[in-house]
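Asks: In the working numbering, the protein residues as written are 151 to 656.
Below are the structure tokens for one structure; questions will follow.
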């Protein structure tokens, strides 16, 4: 590593400690409690025994966050994943040699272990009086400086990293100095747990399906391709769990879900990352109407559990997630916002002409289904701020969904939108293997070989369906987008620990 002058000084301190027989990175430690345990134990005892001294001792570990020394006394704050506490080192308890060692060789960012009893300082702060001290990990590089800033009426500490991209590239430093960022990911983990609890409570079982797949499918996206050397076989990173989860319905597992990674070789944007976390569930004997009801219940209850409210704030809007959510038909919504009735334009040429006449600039060569999808994304989606289900989609962009009984050109599909952003997608699942084969063939003819809408023929999935698949409803939702909404973050990079970034140009 190429070291700065400050880093060289810290390495010198590290070497001096070793020369003194002190290992800066010991293999073992004696940490017995988290800081939150110490604080809770002390405050509980204090309330119950206001006239007595607290004599229990603790061994805790953490990173040095502040440090000040004065004569025979030194103070610092240490922090672990549960919280922060002040520690006090006095020459009477710890001895002159260890106090001098702390002053001379311990720096901000170092991980240390301390043992002692708890009291309140003269200023009333809960403080651990140290009787023993040990270095656990010497920090060679200083963490980025932090400054206090005001946000929503609260003073928070925020690192002065150079720019957002540096924060994403050095997420370890971002997390270490920004409590606000740590809170985002604690919220993320709580959100996933709340979703699991909800589905478990509703009789679903969590399963795992292959990430490496011989045939990709279940979504409109380009896959990443890899190769298995021993098997001499090309494989794809999955773009969806759908086709494997529905195989489980065939096998008699009536309610299944999976939360895991999908991979799509597509553009990067504020709401897209090539690797992202998805929730999908499949529910035998349900249709898209039942799935709508379960969806609004699941998301509103997740918000309640994680945030304590079903009202969230996102991108300057106050959004109420309380059911029932608004429901609008796709065709009518396009009419309302564009004055184009897609049923009057059953072919690509006619629809493209109508869009061009209204100034919507259709993409040259795009099939009819992609033109409609473009209207949804460009015109409808940004208008759906409050929770909205857009339902009944054209068959040509929904190859895995069941037809409406009264209109074979439309399928029972809905997408859920919140905050002007697509959040989820669901169908009444197509369970007729002959019709499914026909759809796969139609998609293969209608789209170019490299088009993301093209679905390859999956003979094994058709074989599974041919054994009989129960009527069912299916659902998919991006976890990252849900966390964006709950955390009020406009970029997906803020809610993914290690988002994909371009290489830094030399």
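C-beta: ideal position from N, C-alpha, C; glycine also.
Around the Cβ of residue 549, are there at least 16 other Cβ atoms within 10 angstroms (buried) or fewer (exposed)?
Replies: Per the 10 Å Cβ criterion, buried.
Asks: Residue 622 by DSSP, collapsed to three states: which one?
Replies: Residue state, collapsed to three classes: strand.
Asks: With a floor of 3 residues, list each beta strand (DSSP E) that falls wholly inside the stretch 212 to 299, ordered by position along the chain.
Replies: Runs found: 223 to 230, 233 to 240, 261 to 270 and 276 to 287.
Asks: Starting from the Cα of residue 402, find the closest Cα among 277, 192, 576 and 432 and give me that residue.
Replies: Here the closest residue by C-alpha is 432.
Asks: In chain order, what are the residue ranges of uninterrupted alpha helix (DSSP H) at least 4 long that sit wholly in the stretch 439 to 477?
Replies: None, since the stretch 439 to 477 contains no complete alpha helix (DSSP H) of that length.
Asks: Provide the residue(s) that pair with residue 190 in DSSP beta bridges, ordered along the chain.
Replies: Answer is none; residue 190 lacks a bridge partner.
Asks: I'd like the list of long-range same chain contacts for residue 344, defined as Cβ closer than 6 Å, with 5 residues on each side in sequence excluded.
Replies: For residue 344, where only same-chain residues beyond five positions count, the Cβ hits under 6 Å are 452, 455 and 456.
Asks: To the nearest angstrom, how far is it from the Cα of residue 212 to the Cα of residue 447?
Replies: Distance between the alpha carbons of residue 212 and residue 447 is about 40 Å.
Asks: Name the DSSP beta bridge partners of residue 405, please?
Replies: DSSP lists 433 as partners of residue 405.
Asks: DSSP three-state label for residue 308, please.
Replies: The predicted position of residue 308 is uncertain, since its pLDDT is 49 and thus under 50; no value can be drawn from it.
Asks: Residue 553 by DSSP, collapsed to three states: which one?
Replies: Here residue 553 sits in strand by DSSP.
Asks: With H, G and I counted as helix, E and B as strand and the rest as coil, what does DSSP make of residue 394?
Replies: Three-state result, residue 394: helix.
Asks: If you drop the 5 nearest sequence neighbours on each side, which residues of the same chain put their C-beta closer than 6 Å to that of residue 589?
Replies: Hits under 6 Å: 549.
Asks: Buried or exposed, going by whether 16 or more other CB atoms sit within 10 Å of the CB of residue 629?
Replies: Under this definition residue 629 is a buried residue.
Asks: Could you check where the beta strand (DSSP E) with residue 144 kicks off and where it finishes?
Replies: No answer is possible for residue 144: it lies beyond the span of the chain, which begins at 151 and ends at 656.
Asks: In chain order, what residues of the same chain lie with their CB nearer than 8 Å to the CB of residue 315, ignoring the 5 residues before and after it?
Replies: Contacts found: 651.
Asks: Since residue 292 contacts residue 323 with CB under 8 Å, what's their CB separation in whole angstroms?
Replies: The Cβ separation is near 10 Å, so there is no contact.
Asks: Between residue 151 and the rest of its own chain, which residues show a CB-CB distance below 6 Å, the 5 nearest in sequence each way excluded?
Replies: Correct list: empty, nothing qualifies.
Asks: Starting from the N-terminal side, write out each stretch of the alpha helix (DSSP H) that is 4 residues or longer and does not extend beyond the stretch 315 to 349.
Replies: As far as the stretch 315 to 349 is concerned, its whole alpha helix (DSSP H) runs of at least 4 residues are 321 to 327.
Asks: What separation, rounded to the nearest whole angstrom, lies between the Cα atoms of residue 573 and residue 153?
Replies: Residue 573 and residue 153: Cα-Cα distance of roughly 45 Å.
Asks: Apply the 10 Å Cβ neighbour rule to residue 231 and answer buried if 16 or more other Cβ atoms are within range, or exposed otherwise.
Replies: Exposed, because fewer than 16 other Cβ atoms sit within 10 Å of the Cβ of residue 231.
Asks: Measuring only the C-alpha atoms, how far is residue 208 from residue 220?
Replies: Rounded to whole angstroms, residue 208 to residue 220 spans 25 Å at the Cα level.
Asks: Compare the Cα-Cα distances from residue 176 to each of 409, 283, 444 and 388 and report the closest residue.
Replies: Of the candidates 409, 283, 444 and 388, the one whose C-alpha sits nearest the C-alpha of residue 176 is 283.
Asks: When you compare each of 184, 318, 392 and 249 to residue 645 by their alpha carbons, which one comes out closest?
Replies: Nearest option by C-alpha distance: 318.
Asks: On the CB-based measure, 16 or more other CB atoms within 10 Å of its CB, does residue 624 come out buried or exposed?
Replies: Answer is buried; the Cβ neighbour count reaches 16.
Asks: Can you give the Cα-Cα distance for residue 580 and residue 395, rounded to whole angstroms?
Replies: If you take the alpha carbons of residue 580 and residue 395, they lie about 14 Å apart.
Asks: What residues in its chain sit with their C-beta under 7 Å from that of residue 479, if we drop five residues either side in the sequence?
Replies: Excluding residues within five positions, the ones whose Cβ falls inside 7 Å are 541 and 542.
Asks: Nearest-angstrom Cα distance between residue 555 and residue 525?
Replies: Straight-line Cα distance between these residues: approximately 25 Å.
Asks: State the DSSP-derived secondary structure class of residue 558, mapped to helix, strand or coil.
Replies: In this structure, residue 558 counts as strand in the three-state DSSP scheme.
Asks: I'd like to confirm the pairing. Which residues does DSSP put opposite residue 541 in its beta bridges?
Replies: Note: residue 541 sits in a beta bridge opposite 479 and 564.
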